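> The sequence shown begins at 0 in numbering that gives the first Met the number 0 and counts up one residue at a time.
Backbone N, C-alpha and C fix where the C-beta goes; we use that ideal spot for every residue, glycine too.
Quick caveat, the model's predicted, so the values are computed rather than measured.
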Amino acid sequence: MVNSPWLEVSRDSYVLPDGREVPEYYIVRRNDSAVCVCCIDDQLVLVRQYRPGIRKITLCHPGGRIESDDQSPVHGALREVLEETGLTPQEVQHIGTFAQIPAVETGRVHMFLVNCARTRKRATDPDLREYLTTILLPISELWAVISTGQMDCLACAAASYKVLLMKHDLI
């Protein structure tokens with residue numbers, strides 16, 4: 000149906016646990032992605048970027064699709080951090096992997112907590128199809144960014160909640 004470097008949409012069928020067959024269903028197949036909650040001391044590194052799917056500029060954690068030549072999800076995640084922020088990751092912790100839209104999509108989101116050095120390793124190297132800038136946000140202001148809709152990405156919000164709970168020793 001659709002086959003591009005970004006996604007593949009195909010017609011599929013499946014059988015429910017009770018034996019009923021669903022003869023026609025459409026599945027979006029795409030690579031997994033990574034979201035990195037990047038911290039420098041008590042601040043978060045966020046990416047302000049235009050999101051064409053919702054036609055809006057949002058605040059997001061650095062991240063993106065894991066590419067076929069990435070050795071693992073963590074390698075893809077760290078590549079994205081470097082590309083989008085120019086920052087050098089010093090410590091990385093995997094905080095979870097979740098299905099993004101399990102009813103219709105195969106992609107999973109790998110979430111990481113990344114502590115970064117304050118100095119940039121090099122200038123950012125974003126995808127030319129992206130428009131982005133980075134900002135520093137005190138962790139104490141993260142809830143306001145989510146609740147006001149400035150962070151309008153479910154994976155970023157979920158990663159944020161996990162980190163906030165971890166920082167308050169609730170998980």
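Just the Cα atoms here: how many angstroms apart are M165 and A143?
If you take the alpha carbons of M165 and A143, they lie about 18 Å apart.
> Which whole-angstrom value is the C-beta distance of H60 and L45, which I expect to be below 8 Å?
Confirmed, about 7 Å.
> For a test of the three-state rule: what should DSSP assign to T105, helix, strand or coil?
Correct three-state label for T105: coil.
> Can you list, in chain order, the residues of its chain with a C-beta nearer than 7 Å to that of R117? Leave out the 5 residues immediately preceding and following it.
Contacts found: I39.
> Tell me, please, which residues DSSP counts as bridged to P88.
DSSP lists C115 as partners of P88.
> Looking at the structure shown, is G75 part of a helix, part of a strand, or coil, going by DSSP?
Helix.
> DSSP three-state call for I145: helix, strand or coil?
I145: helix per DSSP, three-state reduction.
> Does DSSP put L43 in a helix, in a strand, or in coil?
Looking at L43 - three-state DSSP - the assignment turns out to be strand.
> Give the range of the beta strand (DSSP E) segment to which Y160 is assigned.
Per DSSP, Y160 belongs to no beta strand (DSSP E); it is in the alpha helix (DSSP H), 153 to 166.
> Under 8 Å: do the stretch 66 to 81 and the stretch 24 to 35 share three or more Cβ pairs, one atom per stretch?
Taking 8 Å as the limit for Cβ pairs, the verdict is that the stretch 24 to 35 does touch the stretch 66 to 81.
> Taking the continuous beta strand (DSSP E) assigned at I65, which residues delimit it?
Unbroken run through I65: none, as it is neither H nor E.
> Can you give the Cα-Cα distance for K55 and Q149, rounded to whole angstroms?
Whole-angstrom Cα-Cα distance: 10 Å.
> Between which two residues does the beta strand (DSSP E) carrying P22 extend?
It spans 20 to 28 - the beta strand (DSSP E) in which P22 sits, taken as one unbroken run.
> What are the partner residues of Y130, as DSSP defines its beta bridges?
DSSP, once it has assigned bridges, lists no residue as partnering Y130.
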